Each structure stands twice: as structure tokens, then as C-alpha cells.
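Enquirer: Quick note, in my numbering, the sequence shown goes up one by one and the last residue is 489. One structure, pasted below without further comment.
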Amino acid sequence: MLIGFSLGLSTGLLVHLAVGGDVGWVQWLTANVTGPIGQVFLRLLFMMVIPLLFSALVMGVAEMGDLASLGRTGLKTLLLTIVISGIAVVIGMGMVNLFQPGRGVDPVLAQSLLDQGKAGAASIVNSAPTSISLGDFFLELVPSNVFTAAAENAILPVMVFALFFGVGLVMAKSPATDRLQEVVQGLFEITMKLINLFIKLAPLAIACLMFNLAALFGFELLIRLAAYVAVAVGAMAIHMFVVYPLAVWFLGGMSPVAFFRGVREPMIVAFSTASSNASLTFALRAAEQQLHLPRKIARFVLTVGATANQNGTALFEGVTVLFLAQFFGIELTLMQQFIVMLVCILGGVGTAGVPAGSLPVVAMILVMVGVPPEGIGLILGVDRFLDMCRTTLNVTGDLALATIVSRGEDNDPEDEGADSTAAAPVPA
């Protein structure tokens, strides 16, 4: 996969430098060959997301054995998600306030750029929620019809149903429920088997995705709005290489070197696909086979974290809102920034784990603080790159969270037998 990533990126950049992204044959190649190959791979993975999330979360809950273990694991996951996401938002907003990447723009230029960006941002603004209230948020978590929620790709309600389904399996122990649990386990194994089959396409698909990105945009992707990109990526780098290693080392009892060595594969997939959902399979495999985490903890934390623990998304939303406020010369008070931080944490929980899934939430926050939501059009040219970065942060954060929650938890008997010959994680 790393070879495919490097080959696609380098080939795409060479094509862009040699002939440009507007040449007919380049447009034809990306539209009819490399683009469809990458999209077919993503669709194959998205096709399995609902059965994978449902079966993995149900089994993760059912294998806890008792509600006390489930409650302890769930509480640890929730508290750590809030704390680590809060740290991410504080880092991002602190970087924007320190470096002021949006300051000093001519108001006339800002208005002209806003007018140019309105067309590209129109659909995003129209799809943005009007607000996020605690009442509506919790109400929408409970599906009135789980099949409708699954058909609409509403991940959080499906996860809530799976959570209660798993709790029911724990509470209603009988020969019939034991057989049902075996059926769900069979669904999980079939899903994983199919995904492992699809994964064989990953090197080719990643090469095609990166070729498209590099051939069409070239270095422009990295130099447009360079200050904004630098601040956002810098904040993500601090969270990735300072916060996560410290958390894994002190709270998870694992060497950061061993941790990052074990999560290389899901990080590469997350960066190239920009989708937490598409990376979930790779994260589950890395947690069990590379990090040797208890299977029940890995399944529970990673399936929940794929939607709920999105540190990179929360950080990105805070950075973007403050940058656009600076760009348009709108001063935000400390109280407004505090509200932005809280909404970013809450918005990160409900953001879809698909490419560009956070932009409607950003538009909603911009309206809340009086910034023109059409300003999103200014960042669309660099959002794909930032989406790749924040998705990598999200997926790595899920694995870090699973590592921390797993500390002090017993391995499943099957895990201990399977891992008896494997090298254990290096202790801190």
C-alpha cells in the first residue's frame, strides 16, 4: 500500500508538471480509469460498513460478559473521547490565535474571493444543520426505524441499536440467544472475510486515488492558502506526535514506537481514502494482530470511535472557523471561542466518517458566530489534503483510545492462545 501510495503520488505529480491537469487525455484517464478504480474500492468498503459496525459492536458488547464490564469500558471510552478531543480543539484554536493566518487580508479581496467561493460552497451550506442542541442530538441518536437509519447511512443510530442489541444478548442468556450470538459472530467473520478479499485491491486503488489528486491539482493543493494549511497541519502534527505518544505511554503503558509501528497500515489507508469508515477494517486488524489488544475492547472502542472519537475533525472545525472569522475581519470574544470549542467537540461526534463529512458542521458553526458560511468555498481547494490529514489523526486516535482503554483488561482466552507466539507490546 505504501508503494502504491508513493507510485500514484509521484506519477501524478510528474504528469501535472509535464502536461498539466487540464489536458484532454489526463482528464479522460482520471474520469474513466483511475477515478472509477478508486471509487469502486471505496464503495466495496462502504458496502460492508453497516454489517461490520453492527456485528463488531454487538459482539464487542456481548463478549464483555456482564454489564459492569460494559459500563466501565463505556465510561472510560466516553471520558477519554471528551478529554482528548478537547485537547485537540484547544491546540488548534491556540495555534490560530497565535499565528493569525487569516489576518491582514484586504476587505475588497476578501469579498471578491467570497463571491467566487459561493458557487462551490452552495450545496454544503444548504445541507448544513441549523444548530446542534443537546436535546435534538440525543433524540436523533435513537432510531424510530433501524432499517431506515441503515438505508440513510445514519451511522450513530445504527450503533445505538447495536449497543442495545448487545446489551440484550448479555441480559437474556439462553440457548436461543447463544445461537443468535453465534449467528452475529458468523456475520462478523463473513464481513471480515469479504473485506480481506477487497483489501487485495488496496495498493492499486490507493495508487489511482493519489494519481488523480496529484495529476489534477499538483502542488497547488499544498500552496493555496499556505498559512491556513500550515497552521492546521501543524496543530494536527502536535496532537499526533506529542499528545498521542504521551497518552499511549503514560495511560496505555505501551511504547510509542511500538504503537506507531503497529498502526502504520490503517494510517496509510486513512490518509489515502480520507474516510474513517473505510479504515475501520484495517484498524480492527491492526489492534488485534499488531497491538495485541483484547478483542472485545478493540471491537467496542474502534467501532464506537469510528464515528464518535474524531479528534482531527474537531480540531479542523475549530481552526477553520477561527481562520475564516479572521479572514473576514470578525472578532470573536473568548466566550464565543469557548462556544465554538464545545460545538466542535459535539459536532465531531456526529460527523459522518466519509470524505468532507465535516464541512456541513463547519458551515453551521460559521452561521452561529456570524461568519459568512459561503467562506467554506475559500478552503475547498485545500480541503481534500486537510481531510486526509484529519482522517489519519482520527483513525490513529481511535487506536490510541483502544490502547488506553485496554490497559488492565484481560485478554480473551482465544486471543491469548492466538497471540502466545506473538511479540507483546513493549511496555513503557
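Just so it is clear, CB atoms sit at the ideal spot from N, CA and C, and this is done for glycine as well. As the structure is a computational prediction, the values presented were derived from the model and not from experiment.
1) Of the choices V203, L103, F388, whose alpha-carbon is the least far from that of V330?
2) Which residues in the same chain have their Cβ closer than 6 Å to the Cβ of Q177, if we skip the five residues on either side of it in sequence?
3) Our contact map puts M271 next to L70 with C-beta atoms below 8 Å; I'd like the distance itself, whole angstroms only.
4) Could you pull the start and end residues of the alpha helix (DSSP H) that P97 belongs to?
5) Does the segment 290 to 305 come into contact with the segment 75 to 94, if we say contact requires no fewer than three beta-carbon pairs (one atom in each stretch) closer than 8 Å?
6) What would DSSP say about A413, mapped onto helix, strand or coil?
7) So what's H353 in DSSP terms, helix, strand or just coil?
8) May I ask which residues mark the beginning and end of the alpha helix (DSSP H) holding W86?
9) Between the beta-carbon of L354 and the beta-carbon of T453, is there less than 9 Å?
10) Between the alpha carbons of A393 and A386, how many angstroms are there, rounded?
11) Taking the alpha-carbon positions, what's the V380 to T457 distance?
12) Answer yes or no: do V324 and E378 have a C-beta to C-beta separation smaller than 9 Å?
13) Take G163 and list the residues in its own chain whose beta-carbon comes closer than 6 Å to its own, dropping the five residues that flank it on each side.
14) With a threshold of 16 other CB atoms inside 10 Å of the CB of D444, please say whether the residue is buried or exposed.
15) Taking the CB atoms as reference points, tell me whether A293 and L376 lie closer together than 9 Å.
16) What's the call for I152, buried or exposed, on a 16-neighbour Cβ count within 10 Å?
17) Rounded to whole angstroms, what's the CA-CA distance from L90 to Q161? Just pull it up for me.
18) I need the straight-line Cα distance from R133 to I143, nearest angstrom please.
19) Kindly give me the distance between the Cβ atoms of F361 and G99, rounded to whole angstroms, as I take these residues to be in contact under 8 Å.
20) To which residues of the same chain is V428 closer than 6 Å at the C-beta, ignoring the five residues directly before and after it?
21) So the alpha helix (DSSP H) H77 belongs to, where does it begin and stop?
22) In the structure shown, what three-state DSSP assignment does A463 receive?
23) How is the alpha helix (DSSP H) around R240 delimited, first residue to last?
24) Please classify S67 as buried or exposed, where buried requires at least 16 other C-beta atoms within 10 Å of its C-beta.
25) Looking only at its own chain, which residues have a Cβ that is under 7 Å from the Cβ of A266, when we skip the five neighbours before and after it?
26) For M232, count the other beta carbons within 10 Å of its own beta carbon; 16 or more makes it buried, fewer makes it exposed. Which is it?
27) Which residue from Q242, V382, M109, D459 puts its Cα closest to that of I440?
28) Using the C-alpha atoms, what's the distance from L230 back to G414?
29) Under 9 Å between the Cβ atoms of D459 and N338?
30) Can you tell me the Cα-Cα spacing of I437 and L136, whole angstroms?
31) Look at M109 and T342 and say whether their C-beta atoms are less than 9 Å apart.
Expert: The structure says:
1) Comparing alpha carbon positions, the residue from V203, L103, F388 closest to V330 is L103.
2) Residue placement at Q177 is poorly supported in this model, since its pLDDT is 49, which falls under 50; the coordinates still yield a value, given next. Closer than 6 Å at Cβ, skipping near neighbours: no residue.
3) 4 Å
4) 96 to 108
5) With fewer than three CB-CB distances shorter than 8 Å, the segment 290 to 305 does not count as touching the segment 75 to 94.
6) Because A413 carries a pLDDT of 49, less than 50, the predicted location of this residue cannot be relied on, and no value is offered for it.
7) coil
8) 85 to 90
9) no
10) Residue identity check: residue 393 is Leu in the sequence provided, not Ala. Each residue's Cα considered, the two are about 7 Å apart.
11) 20 Å
12) no
13) Residues F384, Q387, F388 of the same chain have their beta carbon placed closer than 6 Å to that of G163, with the five preceding and five following residues left out of the count.
14) buried
15) yes
16) buried
17) Rounded to the nearest angstrom, the two C-alpha atoms are 40 Å apart.
18) 16 Å
19) Between G99 and F361 the Cβ distance is about 31 Å, and since that is not below 8 Å, they are no contact.
20) P434
21) 63 to 79
22) The answer is helix: DSSP assigns A463 an H, G or I state.
23) 236 to 260
24) exposed
25) I98, G99, F102
26) exposed
27) V382
28) Low per-residue confidence applies at G414: pLDDT is 49, beneath 50, and the placement is therefore not dependable, though the value from the model is reported in the following sentence. Their backbone Cα atoms lie some 28 Å apart in a straight line.
29) no
30) 36 Å
31) yes
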